[in-house]
Amino acid sequence: MGEVTGEVQGSVTPSGSSPSSRGQWSNKVEFLLAVAGEIIGLGNVWRFPYLCYKNGGGVFFIPYILFFFTCGVPLFLLETSLGQYTQQGTITCWRKICPLFEGLGYGTLMVVWYSSIYYVVILAWAFFYLFSSFSSELPWASCRNIWNTGVNISNTALPENATSAVREFWERRVLKLTGSAAELGSVRWELALCLLLSWVVCYFCVWKGVKSTGKVVYFTATFPYVMMLVLLVRGLTLPGALDGIKFYLYPDASRLTDPQVWMDAGTQIFYSFALCFGCLMTLGSYNKYNNNCYRDCVYLCLLNSGTSFVAGFAIFSALGFMAYEQNVHISKVAESGPGLAFIAYPRAVAMMPFPQLWAVCFFVMIILLGLDSEFVGLESLATSISDVNPGFFRTGYRRELLLLAICVVCFFLGLVMVTEGGLYIFQVFDYYACSGMTLLLFAVLQSVSVGWVYGADRFYDNIQDMIGYRPVSLMKYCLKYATPVVCTGTFFFSLIKYTPLKFDNVTEYPWWGYALGWFFTLSSTLMVPTWAVYRLVLRPYMSFTSGSFSLLHVTGHSPPQPLHFPAADFDLFLSSPNVPALHVTSCLCFFFFLHILLRFAL
């Protein structure tokens, strides 16, 4: 990483705050591992391989690669470089780049908060399975347990009217699942203790900021690759593995005519790249100003997609083995999401020699993959709040206390998801709180605000000021044209295809379940238009161009490190006749999307 020499240009910090007081990565490796740990998570293992299999095998890579270049890499660069350029978290970053869009910072912060509450529940489940793996016989490998019912058989054969031992372990031992969402039941205290353990680990991973996070990621971001390699080698040596890989990659060109395939490819890019969560801005803000963020982004995006591809071989080789052992089609055993991690793969592990060893390897990998993403989200929350008032939160132990308060609140809110009916609430969080529609809308607004309002050329000037050269022009045109168009199209298709959540695609939720879900969605989405109205209507004395503050840009800052904006270019931009039109267009987009969301909510 290049060192900063002389005065740091373009580093935007509030009065009384400096990069040194915020902290910085000790070296480039810490940043790369932290970002890799954030973006390479559970979705790479349990979502991408299944989507590839479901959507035509090898042909799924056609829409995936299209979204990769038109949306994934440009937005990844946008978020990381803006964080590095401003040296700020997600709220104050947008405040300094384009104050009218500061609501994007608050909206993404809400999404990160919601995801932090429910994502750590997965870690609690994984810890429960990990502890259960240290036994003479895996508890989900047989039917000789007190939680098994009469209509139950072993995992080696599955008639249609039978329940597998591994599913009964999941539903009747781990969750003690109730019959409906209306029956939450009591707290599962074993899971509650696992949840507490998860939060304690997350807290101590980030309690000293990047000083502690930068050291932890050396293990948490690299060891999952060791586990994945072990599971891959083991899976490829199993009988039936080749059939599993064939189903994973076998191309079906007819699937390209299905719009759902394209929507799945787009949403997978957003989830796996952690776009529009604000975490990339936070991690980038701890870089040195002259770090080559452009090169880092390209390498990290390639690493993320490559990991997803390789993970598919590890997963489907094991599923192919399981289908071979049960003499069924692989479609009968292939699942995604928690069903893969806690039902399908444990069932495959139970059939292997030395099953306890492979179970421990798998659940350690799941825990570390989830832990990285969780504590980076926690760091993003603490950083964004601290940057709003650094003089207060960076005094004494107030940042540590802020972090502790976040963990405690999230722990108690998460207890509802470790009740006997907690899985129903978990799916509401998963479906609505971090919905693809919200992320797509944020992506449209991010690309419009930087590509048109702030200016793609000015954005490229900022990157050149940091790294010494301009990225390829393709990304600039993607930010201005391709990204907004592709994301808008996918957004509207998501609205058209929207169906209310059903548990296991069968059981409908009570009215309060849908009300809670839409509260999650709208509480983050409405931050953007609400903030715009606040700045335009409720604070009319803050004009577009008057004083030291502008709704388009910040024209001046307190010393010691002002924004590096050429005054002549700035005045020329403000005098452009397109500026009012851009603001009017942006506001119309806000209220149009709000109208659509409310229509579907009601």
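If you count by the working numbering, then the sequence shown holds residues 567 to 1168, one letter each, in order.
Cβ coordinates follow ideal geometry from the N, Cα and C atoms, glycine included.
List the whole-angstrom C-beta distance separating residue i from residue j, where the pair is believed to meet the contact cut-off of C-beta under 8 Å.
i: THR646; j: CYS859; result: 5 Å
i: PRO615; j: TYR814; result: 6 Å
i: PHE1069; j: ILE835; result: About 27 Å; that fails the 8 Å criterion.
i: ALA840; j: LEU599; result: Not confirmed; about 15 Å, so no contact.
i: VAL982; j: GLY1079; result: About 12 Å separates the two Cβ atoms, so there is no contact after all.
i: GLY903; j: TRP1097; result: 33 Å between Cβ atoms; not a contact.
i: TYR855; j: MET1032; result: 6 Å
i: VAL984; j: VAL753; result: 6 Å
i: VAL782; j: PRO629; result: Between PRO629 and VAL782 the Cβ distance is about 36 Å, and since that is not below 8 Å, they are no contact.
i: ALA692; j: GLY810; result: Wrong, their Cβ atoms sit about 23 Å apart, outside the cutoff.
i: GLU756; j: PHE694; result: 7 Å
Inspect the beta-carbon positions of residue i and residue j and report whether they are closer than 9 Å.
i: LEU696; j: PHE992; result: no
i: LEU1082; j: TYR998; result: yes
i: ALA690; j: LEU750; result: no
i: GLY943; j: SER746; result: no
i: SER946; j: LEU849; result: yes
i: GLY780; j: TRP1077; result: no
i: THR949; j: GLY622; result: no
i: GLU891; j: GLY806; result: yes
i: GLU986; j: LEU743; result: yes
i: ALA916; j: ALA925; result: yes
i: ILE881; j: GLY801; result: yes
i: ARG1190; j: ASP953; result: Coverage of the chain is limited to positions 567 through 1168, which leaves residue 1190 absent and any answer about it impossible.
i: CYS1000; j: TYR837; result: yes
i: ILE1029; j: LEU643; result: yes
i: TYR1064; j: LYS1042; result: no
i: GLY1017; j: THR1054; result: no
i: PHE789; j: MET931; result: yes
i: ALA910; j: GLU901; result: yes
i: LEU1040; j: ALA1022; result: no
i: PRO921; j: LEU704; result: yes
Look at the alpha carbon of residue i and the alpha carbon of residue j, and state the distance between them as a whole number of angstroms.
i: PHE1008; j: LEU670; result: 7 Å
i: TRP660; j: CYS867; result: 23 Å
i: THR638; j: VAL732; result: According to the sequence as given, residue 638 is Gly; it is not Thr. Roughly 37 Å separates the two Cα atoms.
i: PRO1066; j: VAL1019; result: 35 Å
i: ALA758; j: GLU668; result: 36 Å
i: PHE977; j: LEU761; result: 7 Å
i: ARG1101; j: GLY673; result: 16 Å
i: SER730; j: VAL766; result: 34 Å
i: CYS709; j: GLU734; result: 9 Å
i: ILE1062; j: PHE626; result: 22 Å
i: GLY886; j: TYR784; result: 33 Å
i: MET1003; j: GLY649; result: 24 Å
i: PHE1136; j: CYS618; result: Bear in mind that a pLDDT of 37 at PHE1136, under 50, signals an unreliable position, so the model cannot answer this.
i: VAL864; j: THR1087; result: 31 Å
i: VAL1051; j: ASN711; result: 55 Å
i: TRP679; j: LYS662; result: 22 Å
i: ASN857; j: THR652; result: 13 Å
i: ALA602; j: VAL595; result: 10 Å
i: TYR685; j: VAL1099; result: 32 Å
i: SER883; j: SER1013; result: 39 Å
i: LEU1006; j: PHE1058; result: 10 Å
i: SER1060; j: PHE958; result: 42 Å
i: GLY624; j: VAL899; result: 20 Å
i: ASN870; j: SER939; result: 13 Å
i: VAL799; j: VAL1094; result: 47 Å
i: LEU988; j: ASN893; result: Per the sequence presented here, residue 988 reads as Gly, with Leu not at that position. If I take the Cα positions, the gap works out to 34 Å.
i: GLU1074; j: THR961; result: 49 Å
i: SER820; j: ASN714; result: 43 Å
i: VAL1038; j: ASP862; result: 14 Å
i: LYS812; j: ILE896; result: 10 Å
i: THR823; j: LEU808; result: 28 Å
i: GLY872; j: SER1090; result: 31 Å
i: TYR990; j: TRP736; result: 14 Å
i: ARG964; j: ASN955; result: 11 Å
Of all Cβ atoms in chain D, is any one closer than 9 Å to the Cβ of residue i?
i: ILE811; result: Going by chain labels, chain D is absent from the structure shown, which holds only one protein chain.
The region 921-937 / the region 600-614 touching (three or more Cβ pairs under 8 Å): Short answer: they touch.
Contained alpha helix (DSSP H) runs [length at least 4] in the region 1026-1103, N- to C-terminal order: Entirely contained in the region 1026-1103, the alpha helix (DSSP H) runs reaching 4 residues are, in chain order, 1039-1043, 1049-1062, 1077-1091 and 1093-1099.
Three or more C-beta pairs below 8 Å linking the region 785-800 and the region 868-884: A contact exists between the region 785-800 and the region 868-884.
Start-end ranges of the alpha helix (DSSP H) lying completely within the region 869-951, minimum 4 residues: Correct list: 911-916.
Stretch pair the region 966-973 + the region 765-783: three plus CB contacts closer than 8 Å: Touching, yes.
Ranges of the alpha helix (DSSP H) found wholly within the region 751-816, counting only runs of at least 4: Segments of the alpha helix (DSSP H) lying fully in the region 751-816: 755-772, 776-786, 789-802 and 807-815.
Completely contained alpha helix (DSSP H) runs for the region 594-676, where each covers 4 or more residues: Whole alpha helix (DSSP H) segments, 4+ residues: 594-605, 608-612, 614-620, 627-633, 639-652 and 656-663.
Sequence ranges, alpha helix (DSSP H) only - wholly within the region 972-1021, length at least 4: Entirely contained in the region 972-1021, the alpha helix (DSSP H) runs reaching 4 residues are, in chain order, 988-994 and 1002-1014.
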